[in-house]
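Data block below; observations after.
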Amino acid sequence: MDMLTKKYVKKPLPIEAMQFINQNYLDISNFIGDFPHKIVTSEGIVLIHTLEGEHIVREGDYVIKGLFDEFYPCKPDIFKSTYEELV
Numbered sequence: 005m006d007m008l009t010k011k012y013v014k015k016p017l018p019i020e021a022m023q024f025i026n027q028n029y030l031d032i033s034n035f036i037g038d039f040p041h042k043i044v045t046s047e048g049i050v051l052i053h054t055l056e057g058e059h060i061v062r063e064g065d066y067v068i069k070g071l072f073d074e075f076y077p078c079k080p081d082i083f084k085s086t087y088e089e090l091v
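Below, the structure is given as structure tokens:
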């Protein structure tokens, strides 16, 4: 490791998230709100607007609400290895 490289640990900040399962379009819609997000029931997807542009959320993916009220998708395996549910 050189003098410029440092190691960091992700801060344990709580987030809100919802998994897109069983065609829970109404729940997802209530969570993310309206425009510019779109529910496309004919294709079984949700299109969400992120800070990086529009992304597709597919069945099983999680929708995460970030610290600044932004939304982004996350694949289930990555979500489960990164987050633990608070009880």
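Our numbering applies: residue 5 is where the sequence shown begins, and numbers increase by one. Beta carbons: idealized from backbone N, C-alpha and C, even for Gly. None of the values given here were measured: they were computed from a predicted structure.
Go through its chain and collect everything with a Cβ distance to residue i's Cβ below 7 Å, but skip five positions before and after it.
i, result
"residue 36", "52, 67 and 75"
Using a 10 Å radius around the Cβ and a threshold of 16 neighbouring Cβ atoms, would you call residue i buried or exposed?
i, result
"residue 13", "exposed"
"residue 44", "exposed"
"residue 1", "Since the displayed the chain opens at 5 and closes at 91, residue 1 lies outside it and no answer follows."
"residue 24", "buried"
"residue 60", "exposed"
"residue 91", "exposed"
Give me, in chain order, the residues of the same chain whose beta-carbon lies closer than 6 Å to that of residue i; leave out the 5 immediate sequence neighbours on both sides.
i, result
"residue 78", "66 and 68"
"residue 55", "74"
Excluding the 5 residues preceding and the 5 following residue i in the sequence, name in chain order all residues of the same chain whose CB lies nearer than 8 Å to its CB.
i, result
"residue 19", "68, 69, 70, 71 and 87"
"residue 48", "27, 62 and 63"
"residue 32", "22, 24, 43, 50, 61 and 67"
Out of the options, which has the shortest C-alpha to C-alpha gap to residue i?
i, options, result
"residue 29", "15, 17, 57 and 46", "46"
(Q) Which complete beta strand (DSSP E) runs does the region 34-62 hold, if anything under 3 residues is left out? (A) Runs of beta strand (DSSP E) with 3 or more residues, each lying fully within the region 34-62, are found at 42-44, 49-54 and 57-61, listed in chain order.
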